[in-house]
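FYI, in our numbering the residues of the sequence shown are 11 to 301. Every residue gets a Cβ at the ideal spot worked out from N, C-alpha and C, and that includes glycine. Keep in mind that this is a model prediction, so the values were computed, not measured.
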Amino acid sequence: MKTVNRNRLKILKLLALLSQIRWYNISLLLLGQYLTACFVFAPDDLRWNTLLDINTHLIAWSGAFILAFGFLINSFYDYAVDTINRPKQSAFERLVSKRTSLNTAIFLLVLGLLGAWLVGFKALLFFGLFAVGLWYHSHRLKNLPIVSHTSAAILALTPFFGMSVYHNFSSIHTFAYGALLGLTLFSREMLKDLLMLKGDVIIGRKTVASEFGEDKTRFALMASAMVAWIPAFFTRGLFSPYAEIGIFVILVLLTAATLIALKTTHLSGLRWAHLIYKVILVIGVLTLPFL
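Below you can see the structure in the form of structure tokens.
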């Protein structure tokens with residue numbers, strides 16, 4: 011019986027660590043990078059060669075490992091606010107000691123930088139700066155309204171930029187699609203300000219919601235969602251029909267999430283809006299092969 015309980019505890023600790031790493035986000039990042047590398051950056055007749063290219067795998071996993079490092083570092087800085095805003099999830103994640111989380115973060119950072127080093131010095135420099143950016147976002151930028159939202163959106167898309175540089179690919183339509191996803195991520199961070207308002211106020215963290223109030227935050231959220239239509243509208247002729255359908259669904263869901271956030275006065279409504287944002291990101295990744 012003791013052995014069973016001990017094994018169950020180990021499984022729970024592993025699940026708690028995966029929760030801290032935000033395995034869902036990491037999985038989406040990996041899937042998105044592979045879809046982009048194979049269906050967007052590589053010519054039709056060279057997709058298999060792209061999958062056989064070891065550097066493509068190293069870049070994808072380096073980005074994933076370093077982003078996981080960033081999530082773990084962020085959990086240290088968000089310990090107090092998470093305890094207030096998400097007590098149940100926070101209690102579950104605290105099954106893993108801070109020392110274990112820190113050691114895991116360092117291990118993931120080393121793995122990510124080692125993979126980048128195997129690609130080349132420029133890749134090592136790029137992902138090294140990416141790691142520094144993730145740390146600085148949690149350490150300093152997170153307390154700066156608007157700046158924190160912008161940096162979070164940029165950092166989330168940085169691994170895709172690294173993949174595009176390696177494959178020497180750039181185009182107006184991929185830039186426009188990246189801008190759409192970036193504005194979606196920016197809006198999501200704004201929504202999280204409303205969700206985490208109680209904890210932010212208690213610990214004294216400066217966010218848009220705590221500094222300017224809920225009404226102005228909702229207005230900014232609406233403005234951000236409206237701006238997201240701009241790159242999609244002016245570049246709509248550059249996308250394939252399937253990509254246009256995906257983009258239209260993203261914009262409709264983004265509008266729906268914004269309307270829910272504007273109308274609701276309860277946390278449950280904001281959580282539904284946040285769930286829609288997660289669906290948007292999944293659709294955004296699945297649309298990548300059709301760009």
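Just mark residue i as buried or exposed, buried being the case when its beta carbon has 16 or more other beta carbons within 10 Å.
i, result
"M11", "Its pLDDT being 48, under 50, M11 is placed unreliably by the model, and the measurement read from it follows with that caveat. The residue in question, M11, is exposed, as its Cβ has fewer than 16 Cβ neighbours within 10 Å."
"R109", "exposed"
"P155", "buried"
"P169", "buried"
"N59", "exposed"
"S278", "exposed"
"A233", "exposed"
"F51", "buried"
"I286", "buried"
Would you mind giving the Cβ-Cβ distance between residue i and residue j, rounded to the nearest angstrom? I have them listed as a contact below 8 Å.
i, j, result
"I31", "A78", "5 Å"
"I290", "L264", "6 Å"
"F196", "T245", "That belief does not hold up - the Cβ atoms of F196 and T245 are roughly 18 Å apart, past 8 Å."
"V129", "L68", "5 Å"
"F300", "Y252", "4 Å"
"T114", "L27", "6 Å"
"F131", "G172", "Contact flag wrong, Cβ pair sits at about 14 Å."
"F102", "S37", "19 Å between Cβ atoms; not a contact."
Could you work out which residue in the options is closest to residue i when comparing CA atoms only?
i, options, result
"I213", "P251, L285, A90", "A90"
"S100", "S37, K23, P241, T217", "K23"
"H276", "V218, S107, E224", "E224"
"W239", "S111, L68, G188, L121", "G188"
"Y87", "G143, A52, K152, L204", "K152"
"R104", "I36, L123, R246, L25", "L25"
"W33", "D55, I76, I64, F49", "I76"
"G138", "W145, L123, H149", "L123"
"A162", "K202, M173, L27", "K202"
"Y146", "F136, H177, R18, N84", "N84"
"I94", "K208, A233, L280, S234", "K208"
"T268", "N113, V237, Y44, P53", "V237"
"L191", "L28, D92, I293", "I293"
"T46", "I36, T66, L62", "T66"
"L3", "Q43, A133, H183, G80", "Beyond the ends of the chain as shown, which are 11 and 301, falls residue 3; an answer cannot be given."
Verify the contact flag: residue i, CB atom, against every heavy atom of the ligand MN, threshold strictly below 6 Å.
i, result
"F249", "Absence of the ligand MN from the depicted structure is noted, as is the absence of any ligand whatsoever, leaving it without description."
Checklist entry - Three or more beta-carbon pairs under 8 Å between the segment 217-233 and the segment 166-182, yes or no? => result Remark: fewer than three beta-carbon pairs, one from each stretch, lie closer than 8 Å, so the segment 217-233 and the segment 166-182 are not flagged as touching.
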